[in-house]
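Trainee: Just so you know, the sequences run in chain order A and B. Note that our numbering has the first sequence beginning at 1074, numbered continuously upward. Note that our numbering has the second sequence beginning at 1074, numbered continuously upward. Each residue gets a CB set at the ideal place from its N, CA and C atoms; glycine is no exception.
Protein chains: 2
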Amino acid sequence: MRTADPLHLQLLRLLRDNGPVSRAELADQLQIPRPRLLSELERLVATGFVTEAGMAASRGGRRSTLVELNPNLRFAAVDLGASSVDVEITNGRLEPVAAYTEAADIRQGPKVILHRINELLAKARVEGVHDRLDAIGIGVPGPVSYRDGVPVSPPIMPGWDRFPVRELLTREHGCPAVVDNDVNIMAIGERHGGVAHSVDDFLFVKLGTGVGCGIYLSGEVYRGIDGCAGDIGHIQVDPQGPMCTCGNVGCLEALFSGAALGKEAAVAARAGTSPALAERLTQRSELTARDVAECAMEGDVTCIRLIRDGGRRLGGVLAGLVSFANPSMIVIGGGLAHLGHILLAEIRSVVYRRSLPLATGNLPVVLSELGARAGVTGAAVLASNVAFEQAS
Amino acid sequence: MRTADPLHLQLLRLLRDNGPVSRAELADQLQIPRPRLLSELERLVATGFVTEAGMAASRGGRRSTLVELNPNLRFAAVDLGASSVDVEITNGRLEPVAAYTEAADIRQGPKVILHRINELLAKARVEGVHDRLDAIGIGVPGPVSYRDGVPVSPPIMPGWDRFPVRELLTREHGCPAVVDNDVNIMAIGERHGGVAHSVDDFLFVKLGTGVGCGIYLSGEVYRGIDGCAGDIGHIQVDPQGPMCTCGNVGCLEALFSGAALGKEAAVAARAGTSPALAERLTQRSELTARDVAECAMEGDVTCIRLIRDGGRRLGGVLAGLVSFANPSMIVIGGGLAHLGHILLAEIRSVVYRRSLPLATGNLPVVLSELGARAGVTGAAVLASNVAFEQAS
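Written as structure tokens, this is what we have:
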């Protein structure tokens, strides 16, 4: 693939993030002479990515024409979880124009799942959401070779190993596609439109059924040599701890995750230490992390303790990672982020106590702002990047 | 500072790393037209950094002139430890032309220590090693703001906090200077001329009196937001462990480091569990990690166990970091690297067992090749980089 023109890329991203801008302002912001800007814009108009959008308010001299991304640009953003699929169709500015959420068991394998995604995207076309897609971004719950666009030995995705996800989507929809893991797309989303906006070095911790970490270093996602950087769920926190699904003992994920918390809640309900959980267990067959969160909000001390214990364990791992990576922010996201401020207080307490003072002097530990939309937002960012690169 | 010309930088580094090269070969390697190369070289000759070096062997056509770095270029490389200072003066190709090692207590403060370094550099001039220095690189045993050229809250360097080390050296010697921490310069050295040659993503673990980690990501040293990335010595490995000098309990460094091993050796000697150590303790007042290494080589089982226990603890921390960072190599260096293969075997065993198989499938865990020279080698690389940037 030829190298993208950095100026074109910068221009397209500026229009994506700021909306309609006058030519005069663009020339100012990019610090290039007006004639050069005009010829560059002309080329981008020819690609169909950029259009004129009327006249700007006068700045004193001649009025300047506004330019914007073509309002018909459409990106598909897909966040594939272990048991669900979220799809958003966005315009060029990454604003959602349609959204679909469905249950989907990742273990059904790539053919079934990708077929279902293709059906959703076709449905969106029939509904008039798009004529054609300009790019697709997809996040999957496992390690990915970003370069090759394929999952690599994903533990909870039987049948997906090295399956050509990117190639299949590109062929089916006739547009570029990009594949990343679910945690990275959340980190990318949070940096684009969330609490980590414009932060260059931060950790995004996803607490869901499992636990993972997206890593931003020097303004770029760091994926590691094999694409599996950030796999913090299997860091050992207790050599005497329970067996983990990975075969080792005492992994963080085995002690604190959606799955672990659900199990502990059931144990507490049956042992009679939590009346609130016990009552919920009479109404349904199993408890989840959400039950623990809700009972904690109502003041159930066992639930508060479960969350604090979990926060302490996660905090211990994060304290080590802060000493190692010296980031400027930690963002907590994923389904368990609704454990909220009890969790956050415990994590902060451990991290601030255990890491080097220099590294924590100015280190916010905060909750994700985008919540459940972090993943699709990041997938849309990736889609737009790959579309812009090919247009440049 | 103006931005350095990337082509000039590339050219100077090529001459540094490969020695005399013909103009024809240079044009080939840099993939630029011969006339452009000649005009660029002319500019570099004018700066005094590049000189002609006779004629190359014929490649069939007209014979091409060899060019090389000016043989009179001199870089000073300083590796400042807690209790010693190593200085090398190198030529442009980073080959040592003189070396000095002295005891020096870092706690004497920056004025005394830097004065002593200046004296050593002046002595080298008197001895005819250099007329003047072209750049100085220095590593110090604590966190550094690389951008500002000052130590920042260094725990074992009283009086050095924010002391203008770079500014002072620059003023004293009239040449650019660069300050980094001791572990980073070792990692840089190992990548330049050691086992990590041309490896882009690796961890360099320094096991000395303390424990630290240099981090190479995507071909660059990663220093973190405050310059203290890699501070792995204070990751907690045992909540019931001994008190650490940092005030927390159970830090890696409190359980496995030169200091910790010396203490444990004395305990073993006095408890009678190691006859070899007991005998050594009759001859002097304290034992060091070297005693443990030597007794282990002679087959002392207690010493072998001490090293294996330490390796297991370090391995546990590294397993977590491998899951987090997914590097392509781990290099073990520093004074304790002479614990050698017993240590290495234990680290490997833990890392390979505990980290994600995808991340360890092809992950060498190896000893430093440069040993005690890693630090000065890296300091010389940094010095040459800053000199070349200013010449470009």
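Among 1279/A, 1259/A, 1280/A, which has the Cα closest to the Cα of residue 1270/A?
Mentor: Along the first sequence, one-based indexing puts residue 1270/A at 197. Closest by alpha carbon: 1259/A.
Trainee: Which residues of the stretch 1300-1332 of chain A have a Cβ closer than 7 Å to any Cβ of chain B? Give them in chain order.
Mentor: From the stretch 1300-1332 of chain A, only 1301, 1302, 1303, 1304, 1305, 1307, 1308, 1309, 1321 have a Cβ closer than 7 Å to chain B.
Trainee: Taking 8 Å as the threshold, find out whether the stretch 1440-1454 of chain B comes into contact with the stretch 1151-1162 of chain B through three or more Cβ pairs.
Mentor: Short answer: they touch.
Trainee: Can you find a CB in chain A that lies within less than 8 Å of the CB of residue 1255/B?
Mentor: Indexing the second sequence from 1 puts residue 1255/B at position 182. Residue 1255/B does not count as touching chain A.
Trainee: Could you check how far apart the C-beta atoms of residue 1415/A and residue 1440/A are, in whole angstroms? I think they sit under 8 Å.
Mentor: Position 342 of the first sequence, counted from the start, is the residue given in the question as residue 1415/A. Position 367 of the first sequence, counted from the start, is the residue given in the question as residue 1440/A. About 12 Å; that fails the 8 Å criterion.
Trainee: Would you mind reading off the limits of the alpha helix (DSSP H) that contains residue 1192/B?
Mentor: For the purposes of this step, residue 1192/B is taken as residue 119 along the second sequence, with counting starting at 1. Residues 1183-1199.
Trainee: Under 8 Å between C-beta atoms, does residue 1247/B make it to chain A?
Mentor: The residue you call residue 1247/B lines up with position 174 of the second sequence. So, not an interface residue.
Trainee: Using a 10 Å radius around the Cβ and a threshold of 16 neighbouring Cβ atoms, would you call residue 1074/A buried or exposed?
Mentor: Within the first sequence, residue 1074/A is the residue found at index 1, counting from 1. Caution is warranted here: a pLDDT of 41 is assigned to residue 1074/A, below 50, making its placement in the model unreliable, and no coordinate value can be reported.
Trainee: For chain A, check one thing: does any of its Cβ atoms lie closer than 8 Å to the Cβ of residue 1336/B?
Mentor: Counted from its first residue, the second sequence places residue 1336/B at position 263. Taking Cβ atoms only, chain A never reaches closer than 8 Å to residue 1336/B, which makes this a no.
Trainee: Count the other C-beta atoms from every protein chain shown that fall within 10 angstroms of the C-beta of residue 1344/B, then say buried if there are 16 or more, exposed otherwise.
Mentor: The residue you call residue 1344/B lines up with position 271 of the second sequence. Residue 1344/B is exposed by the Cβ-count criterion.
Trainee: In terms of DSSP beta bridges, what is residue 1276/A paired with?
Mentor: Position 203 of the first sequence holds residue 1276/A. DSSP, once it has assigned bridges, lists 1288/A, 1403/A as partnering residue 1276/A.
Trainee: Taking its Cβ as the centre, do 16 or more other Cβ atoms sit within 10 Å of residue 1313/A, making it buried, or is it exposed?
Mentor: Taking the first sequence and counting its residues from 1, the one referred to as residue 1313/A is at position 240. Its Cβ having fewer than 16 others within 10 Å, residue 1313/A is exposed.
Trainee: Which of the residues in the stretch 1386-1403 of chain B, read from start to end, lie with their CB under 8 Å from any CB of chain A?
Mentor: Correct list: 1389, 1390, 1392, 1393, 1394, 1396, 1397, 1398, 1399, 1400, 1401.
Trainee: Could you spell out the range, first to last residue, of the beta strand (DSSP E) harbouring residue 1128/A?
Mentor: Against the first sequence, residue 1128/A aligns to sequence position 55. Unbroken beta strand (DSSP E) run through residue 1128/A: 1123-1128.
Trainee: Is the Cβ of residue 1274/A closer than 8 Å to any Cβ of chain B?
Mentor: Here residue 1274/A corresponds to residue number 201 of the first sequence, with the count starting at 1. Answer yes: the Cβ-Cβ gap between residue 1274/A and chain B drops below 8 Å somewhere.
Trainee: Using beta-carbon positions only, say whether residue 1254/A and residue 1217/A come within less than 8 Å of one another.
Mentor: Position 181 of the first sequence, counting from 1, holds the residue named residue 1254/A. Position 144 of the first sequence, counting from 1, holds the residue named residue 1217/A. Result yes, Cβ atoms of residue 1254/A and residue 1217/A sit closer than 8 Å.
Trainee: Measuring alpha carbon to alpha carbon, tell me which residue in 1241/A, 1236/A, 1417/A, 1330/A is nearest residue 1182/A.
Mentor: Working through the first sequence from its first residue, we reach residue 1182/A at position 109. Selected option, being the one with the closest Cα: 1236/A.
Trainee: Tell me the rounded alpha-carbon separation between residue 1435/B and residue 1389/B.
Mentor: Counting from one through the second sequence, the residue named residue 1435/B turns up at place 362. Counting from one through the second sequence, the residue named residue 1389/B turns up at place 316. Rounded to the nearest angstrom, the two C-alpha atoms are 18 Å apart.
Trainee: What residue from 1083/A, 1231/A, 1377/A, 1090/A has the CA that sits closest to residue 1110/A's CA?
Mentor: Translated into the one-based positions of the first sequence, residue 1110/A becomes position 37. Nearest C-alpha to residue 1110/A: 1083/A.
Trainee: Specify the secondary structure class of residue 1175/B as computed by DSSP and reduced to three states.
Mentor: By 1-based counting over the second sequence, the position of residue 1175/B is 102. Three-state result, residue 1175/B: strand.
Trainee: Does DSSP classify residue 1091/A as helix, strand or coil?
Mentor: Mapped onto the first sequence, residue 1091/A falls at position 18. DSSP places residue 1091/A in helix when its eight states are reduced to three.
Trainee: If residue 1139/A and residue 1093/A are in contact, beta carbons under 8 Å, what's the gap, nearest whole angstrom?
Mentor: Position 66 of the first sequence, counted from the first residue, corresponds to residue 1139/A. Position 20 of the first sequence, counted from the first residue, corresponds to residue 1093/A. Contact holds; Cβ gap of about 5 Å.
Trainee: Could one say the Cβ of residue 1211/B lies closer than 8 Å to chain A's Cβ atoms, at least one of them?
Mentor: Translated into the one-based positions of the second sequence, residue 1211/B becomes position 138. Residue 1211/B does not count as touching chain A.
Trainee: In chain order, what are the residue ranges of uninterrupted beta strand (DSSP E) at least 3 long that sit wholly in the stretch 1141-1175 of chain A?
Mentor: Taking only runs of at least 3 residues, the beta strand (DSSP E) segments lying wholly in the stretch 1141-1175 of chain A are 1148-1153, 1157-1163.
Trainee: Taking C-beta pairs closer than 7 Å, name the residues in chain A that residue 1479/B reaches, listed in chain order.
Mentor: For residue 1479/B there is no data in the structure shown, the boundaries of chain B being 1074 and 1465.
Trainee: Helix, strand or coil: how does DSSP classify residue 1324/B here?
Mentor: Counting from one through the second sequence, the residue named residue 1324/B turns up at place 251. Strand, per DSSP.
Trainee: To which residues does DSSP link residue 1138/B through a beta bridge?
Mentor: Position 65 of the second sequence, counting from 1, holds the residue named residue 1138/B. Residue 1138/B is bridged to 1128/B.
Trainee: Taking C-beta pairs closer than 7 Å, name the residues in chain A that residue 1224/B reaches, listed in chain order.
Mentor: As a working note, residue 1224/B is residue 151 in the second sequence. Chain A residues near residue 1224/B: none, gap ~11 Å exceeds 7 Å.
Trainee: Using a Cβ-Cβ cut-off of less than 9 Å, give me the residues of the stretch 1415-1435 of chain A that come near chain E, in sequence order.
Mentor: Checking the listed chains, one finds no chain E in this structure; the protein chains it contains are A and B.
Trainee: Comparing alpha-carbon positions, which option in 1098/B, 1161/B, 1180/B lies nearest residue 1141/B?
Mentor: Here residue 1141/B corresponds to residue number 68 of the second sequence, with the count starting at 1. Of the listed residues, the one whose Cα sits closest to residue 1141/B is 1098/B.
Trainee: Check the C-beta distance from residue 1211/A over to residue 1250/A and give it rounded, since I have them as a contact under 8 Å.
Mentor: Counted from its first residue, the first sequence places residue 1211/A at position 138. Counted from its first residue, the first sequence places residue 1250/A at position 177. Between residue 1250/A and residue 1211/A the Cβ distance is about 7 Å, and since that is below 8 Å, they are a contact.
Trainee: Does the beta carbon of residue 1295/B sit closer than 8 Å to a beta carbon anywhere in chain A?
Mentor: In the second sequence, the residue the question calls residue 1295/B occupies position 222. It does: the Cβ of residue 1295/B has a partner Cβ on chain A nearer than 8 Å.
Trainee: Counting Cβ pairs closer than 8 Å, one from the stretch 1098-1107 of chain B and one from the stretch 1189-1207 of chain B, do we hit at least three?
Mentor: No, because fewer than three Cβ pairs between the stretch 1098-1107 of chain B and the stretch 1189-1207 of chain B fall closer than 8 Å, the two stretches do not touch.
Trainee: Since residue 1376/B meets chain A, which of its residues come closer than 9 Å, beta carbon to beta carbon?
Mentor: For this step, residue 1376/B is matched to residue 303 along the second sequence. Per Cβ cutoff of 9 Å: no residues; residue 1376/B is ~24 Å from chain A at best.
Trainee: For residue 1130/A, count neighbouring C-beta atoms within 10 Å of its own C-beta (all shown protein chains included) and say buried if the count is 16 or more, exposed if not.
Mentor: Counting from 1 along the first sequence, the entry for residue 1130/A is found at position 57. Exposed, by the Cβ-count rule.
Trainee: What three-state label does DSSP hand residue 1419/B in the structure shown?
Mentor: Counting from 1 along the second sequence, the entry for residue 1419/B is found at position 346. Here residue 1419/B sits in helix by DSSP.
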